[in-house]
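Chains as they are written, first to last, in my numbering: chain G, 15 to 225; chain W, 193 to 651.
Here is the structure we will look at, set down as structure tokens.
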Ligand code: SF4
């Protein structure tokens with residue numbers, strides 16, 4: 015399904031920028047957004063919390079050896095990441111924080127399911143590539159000349175120097191990222207179907223929680 | 193056509209297909225906590241939306257609350273708790289707050305209150321919602337935007353996953369618990385090895401587990417990346433459902449909640465029950481585990497430089513040396529709690545080890561029952577006396593506590609914890625804290641020995 019002419023004129027067809035290598039496997043949401051930043055009732059103010067224990071030492075000073083603290087990667091808006099990125103808890107704060115830090119995409123071989131869905135809701139693209147492509151991109155990103163990567167969301171390809179590789183992304187996620195629409199409002203257009211489903215529910219399954 | 197249990201559950205809840213390839217699925221029941229729901233309610237407000245069906249939701253306070261008393265320990269946690277209560281009041285949603293006899297860790301409370309039955313679809317803004325698979329129900333974790341979506345529509349956008357069956361065949365040895373079974377599965381399949389899969393646990397070792405054991409297994413399935421975990425409903429499930437006010441029938445829409453005999457899975461994994469030993473984790477990912485009788489790995493166990501470097505990084509964080517024997521690892525703290533292992537059955541197992549024994553000098557030992565009801569039951573059975581006589585601190589209030597240290601139960605930098613929880617990530621129990629995952633009985637054994645110990649030596 016390639017109907018990109020949605021009602022909202024604004025569409026994200028490509029993501030372009032400097033990429034930073036973050037090769038660690040199993041980077042979990044506690045690492046992306048430590049719990050001390052979760053005591054909040056808003057979505058804002060999470061940029062500082064993002065990768066906080068990797069970016070800052072116990073005194074709050076920047077760790078000079080961490081990739082996102084070094085030029086040119088201080089400008090990076092794309093991460094090339096290790097396997098199983100985003101595992102662990104469901105906290106969407108991890109994605110909000112990455113977006114607030116200016117990250118538009120993470121390229122990896124596999125992502126945890128809830129993280130993947132959270133990313134889609136917030137315009138964070140997660141192209142899935144083969145191990146071989148990922149390792150090539152890690153090397154490309156590691157190169158400190160600040161060359162850019164381009165992610166083509168419509169054709170599902172990544173271009174970086176000599177590298178020209180396809181990526182995987184399910185069509186619903188692809189559409190959501192390109193169109194950037196609100197899922198809740200979109201789904202309410204199916205209110206009739208939901209009511210019809212409910213009408214067919216056996217009474218036993220109509221949970222009614224005791225207050 | 194033969195179908196898997198997972199496919200039956202998805203089919204039964206499908207509302208309609210969507211043009212982009214997703215479907216809308218109906219959520220029978222939705223649970224919220226205080227830290228992943230505030231922004232969902234504000235989303236509703238911004239968009240001017242109401243809650244679709246208020247009686248299908250339950251909110252429980254569990255992540256940030258103190259467990260020493262039922263008063264919030266600081267202003268920030270009070271704000272989160274009060275915010276949840278006022279959102280629930282405004283939208284007419286059931287709220288089990290501090291001091292309520294039904295309060296506790298969400299995944300302990302829900303089965304205890306009889307709110308889960310086979311065939312249901314349950315969502316919650318928490319990854320361990322896989323727990324409900326123990327009842328043949330489809331439970332899965334969602335993010336805050338999806339919490340908003342369920343509140344507003346009682347549905348979710350959903351994509352069918354691939355299916356994996358994990359067969360655990362044959363009897364397990366004495367001393368091996370449900371926790372060891374799931375830790376073994378995580379070790380074999382790997383963290384993230386089931387990304388994109390719904391996993392069904394089957395085989396005689398699975399079927400022999402009681403409901404508490406099945407919940408432990410399904411709970412930690414998320415540690416292998418499974419978005420959903422399932423165990424077929426059977427007589428054990430049916431018996432457990434008796435007497436609960438909400439318990440539904442054993443079938444729903446005429447379905448039996450198990451996979452058809454000829455159902456085909458996308459992937460099959462078989463583990464011999466007899467090969468499982470009591471396990472402990474040595475690293476910072478739940479798949480980094482060894483039998484308690486073994487040693488921490490050495491670099492030569494790994495082939496690639498990347499894997500060797502990962503080992504070095506984990507050992508450095510954990511303050512361990514290559515090849516060190518598991519039982520030589522000395523602990524500072526013993527923690528029994530969490531949605532994986534804080535049910536009455538878990539407390540009984542730990543109490544058996546603690547009876548007539550005492551915690552080693554220098555070890556701080558804490559037990560946090562999973563819910564107020566669990567605590568009351570344990571106290572009525574005399575378990576509190578056993579824990580306290582052994583030198584454990586018995587917390588009067590229920591919650592997640594040191595499982596993720598969002599309250600005031602935080603392990604210090606470098607502190608080593610034997611823990612009945614589910615995640616040993618860097619910083620999980622406190623910045624710089626070192627977590628070793630194991631069964632609650634093994635935590636009790638470690639507390640007594642002062643170092644990681646084999647529960648089978650404590651007859
Ligand atoms: S006990 Fe731990 S894993 Fe379970 S819901 Fe609470 S924080 Fe999450």
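For every residue, glycine included, the Cβ atom is placed at its ideal position computed from N, Cα and C.
Computed from a predicted structure; not experimentally measured.
Per DSSP, the continuous alpha helix (DSSP H) segment holding residue 372 of chain W begins and ends at 370-381. C-alpha of residue 111 of chain G to C-alpha of residue 626 of chain W: approximately 25 Å in a straight line. In this structure, the C-beta of residue 496 of chain W stays at least 7 Å away from each heavy atom of the ligand SF4.
Around the Cβ of residue 495 of chain W, a 10 Å sphere holds fewer than 16 other Cβ atoms; the residue is exposed. For residue 615 of chain W, no beta strand (DSSP E) run applies, since DSSP gives it neither H nor E. In the DSSP assignment, residue 29 of chain G falls within the unbroken beta strand (DSSP E) covering 28-36. With at least 16 other beta carbons inside 10 angstroms of its own, residue 628 of chain W counts as buried. Rounded to the nearest whole angstrom, the C-alpha separation of residue 375 of chain W and residue 641 of chain W is 22 Å.
If you draw a straight line from the Cα of residue 201 of chain W to the Cα of residue 79 of chain G, it comes to about 49 Å. Where residue 233 of chain W is concerned, there is no enclosing beta strand (DSSP E), although the alpha helix (DSSP H) around it starts and stops at 230-239. The alpha carbon of residue 555 of chain W has as its nearest neighbour, out of W:535, W:608, W:534, the alpha carbon of W:608.
Around the beta carbon of residue 463 of chain W, a 10 Å sphere encloses 16 or more other beta carbons of the protein chains shown; the residue is thus reported as buried. Look at residue 618 of chain W: its C-beta is under 8 Å from a C-beta on chain G.
Within the segment 51-95 of chain G, the beta strand (DSSP E) runs of at least 3 residues that lie entirely inside it are, in chain order, 92-95. About 4 Å separates the beta carbons of residue 387 of chain W and residue 417 of chain W, which is inside the 8 Å limit, making them a contact pair.
Using a Cβ distance threshold of 8 Å, residue 482 of chain W and residue 468 of chain W do not count as a contacting pair.
When the beta-carbon positions are compared, residue 620 of chain W and residue 605 of chain W stay at least 8 Å from each other.
Membership of residue 216 of chain G in any beta strand (DSSP E) is not indicated, and neither H nor E is assigned to it by DSSP. Under the Cβ distance rule, residue 78 of chain G does not count among the residues neighbouring chain W, no pair being separated by less than 8 Å. DSSP places residue 202 of chain W inside the alpha helix (DSSP H), whose first and last residues are 197-205.
Among the CB atoms of chain G, one or more fall inside 8 Å of the CB of residue 230 of chain W.
Under the DSSP assignment, residue 579 of chain W falls in the alpha helix (DSSP H) whose first and last residues are 575-581.
Nearest in C-alpha terms to residue 250 of chain W, of all of W:577, W:392, W:224, W:633, is W:224.
Note that the C-beta distance between residue 532 of chain W and residue 411 of chain W is below 8 Å. Burial is judged here by how many other beta carbons sit within 10 angstroms of a residue's own beta carbon; residue 224 of chain G has fewer than 16 and is exposed. In this structure residue 216 of chain W is in contact with residue 347 of chain W, their Cβ atoms being roughly 5 Å apart against a cut-off of 8 Å.
Rounded to whole angstroms, the gap between the alpha carbons of residue 518 of chain W and residue 203 of chain G is 57 Å. Looking at the DSSP output, residue 174 of chain G sits in a beta bridge with G:177. Straight-line spacing of the CA atoms in residue 253 of chain W and residue 390 of chain W works out to 28 Å.
Under DSSP, residue 244 of chain W forms no beta bridge with any residue.
Using beta-carbon distances, residue 199 of chain W does not count as an interface residue toward chain G, since no partner is under 8 Å.
Only residues of its own chain outside the window of five on either side were considered, and among them 525, 594, 597, 609, 621, 622, 625 have a CB closer than 7 Å to the CB of residue 603 of chain W, listed in chain order.
Relative to the ligand SF4, residue 263 of chain W has its C-beta separated by 7 Å or more from all heavy atoms. Remark: the C-beta of residue 255 of chain W is in contact range of the ligand SF4, defined as less than 7 Å to any heavy atom.
Distances from the CB of residue 298 of chain W to the heavy atoms of the ligand SF4 include at least one below 7 Å. Residue contact check for residue 220 of chain W against chain G: a CB pair falls below 8 Å.
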